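This report concerns only the one structure given below.
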Amino acid sequence: MTSKERRSCKRARLNHPVMMGINGRIVRLAEILDAGERGLRVRVTGQSGLQVGHEVEIFSLSAYKRIDASKLQCSIAWQDSDNFEVGLRYIQ
23 MTSKERRSCK RARLNHPVMM GINGRIVRLA EILDAGERGL RVRVTGQSGL QVGHEVEIFS
83 LSAYKRIDAS KLQCSIAWQD SDNFEVGLRY IQ
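Residue numbers for the sequence shown follow the numbering used here, beginning at 23 and rising by one.
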């Protein structure tokens, strides 16, 4: 997704804390900054090991320890290391 496409999508501001997982493991605390019909913009506590194309899971902080907790499957579409942000695209 290009930066122009990101800007053209309507976004809802959320500022919602979540956990981000990779390969079934919770790896970092994150915050959903905003969401749109195609994906999320997320600030993460650290970006080491995250690369464009990686698949990640987003869990609610209150639900991530439950076995039946719902999770959101996404892939990393872009990253901004200076601001500790990643763009996530929903996986259908």
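By construction, the Cβ of each residue, glycine as well, lies at the ideal position given by its N, Cα and C atoms. Just so we're clear, the structure is a prediction, and the values are computed from it rather than from any experiment.
If you check the beta carbons only, do leucine 110 and cysteine 96 fall under 7 angstroms apart?
-> Against the sequence shown, residue 110 aligns to sequence position 88. Against the sequence shown, residue 96 aligns to sequence position 74. Between leucine 110 and cysteine 96, the C-beta gap is smaller than 7 angstroms, which places the two residues in contact.
Mind checking glutamine 114: buried by the 16 CB within 10 Å criterion, or exposed?
-> Translated into positions along the sequence shown, residue 114 becomes position 92. When all chains shown are included, glutamine 114 counts as exposed.
Select from Cys31, Ala57, Glu107, Gly71 the residue whose C-alpha is nearest the C-alpha of leucine 94.
-> The residue you call residue 94 lines up with position 72 of the sequence shown. Closest in alpha carbon position to leucine 94, among Cys31, Ala57, Glu107, Gly71, is Ala57.
Alanine 34, buried or exposed, once every other Cβ within 10 Å from all chains shown has been counted against 16 = On the sequence shown, position 12 is the one that residue 34 refers to. Under this definition alanine 34 is an exposed residue.
Can the beta-carbon of glutamate 79 be found closer than 7 angstroms to that of arginine 65?
-> In the sequence shown, counting from the first residue as 1, residue 79 sits at position 57. In the sequence shown, counting from the first residue as 1, residue 65 sits at position 43. In this structure, arginine 65 does not lie closer than 7 angstroms to glutamate 79 by Cβ.
Alpha carbon to alpha carbon, how far is leucine 36 from asparagine 45? Give it in angstroms, no decimals.
-> In the sequence shown, counting from the first residue as 1, residue 45 sits at position 23. In the sequence shown, counting from the first residue as 1, residue 36 sits at position 14. Rounded to the nearest angstrom, the gap between the Cα atoms of asparagine 45 and leucine 36 is 25 angstroms.
Run through the segment 39 to 100 for me and flag every whole beta strand (DSSP E) of 3 or more residues, listed as ranges in chain order.
-> Secondary structure remark: continuous beta strand (DSSP E) runs of at least 3 residues inside the segment 39 to 100, in chain order: 47 to 58, 61 to 66, 77 to 82.
Status (buried if at least 16 other CB within 10 Å, exposed otherwise) for glycine 71 | Indexing the sequence shown from 1 puts residue 71 at position 49. Classification of glycine 71: exposed, given that the 10 Å Cβ count is below 16.
Can you give the beta carbon distance from isoleucine 98 to glycine 75, rounded, assuming they're within the 8 angstroms contact cut?
-> Reading the sequence shown from its first residue, position 76 is the one you call residue 98. Reading the sequence shown from its first residue, position 53 is the one you call residue 75. Confirmed, Cβ separation roughly 6 angstroms.
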